[in-house]
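Count along the sequence shown from 1, then add 133; that gives the number in my numbering. Contents: one structure, followed by commentary.
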Amino acid sequence: MDQTVDIFVKRLQSSDPKSATNMWLLQGGPGFASNDLEYQMTMLYQQLKGAANV
């Protein structure tokens, strides 16, 4: 039995990463890979104008 779990991790740092809010995006169901959130992550980062760690 394979006892490993593959995960996708990506961070977009804010312009001031130490004091910025941290946002986590988690894929919550079967049928989608976690890297499917990469586009939404980029769009959110742009909408927040780099003010949060995403």
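For glycine and all other residues, C-beta sits at the position ideal for the given N, C-alpha and C.
Query	Result
Using the C-alpha atoms, what's the distance from ASP169 back to THR137?	20 Å
So, helix, strand or coil for THR175, using DSSP?	helix
Within the same chain, show all residues whose beta-carbon is closer than 6 Å to that of ASP156, passing over the 5 residues directly before and after it, in chain order.	The sequence as given places Met at residue 156; Asp does not occur at that position. Closer than 6 Å at Cβ, skipping near neighbours: ALA185, VAL187.
In terms of alpha-carbon separation, which member of ILE140, LYS151, SER152, ARG144 lies closest to GLN173?	ARG144
Among MET134, ASP135, LYS151, SER147, which residue has its Cα nearest to the Cα of GLY183?	SER147
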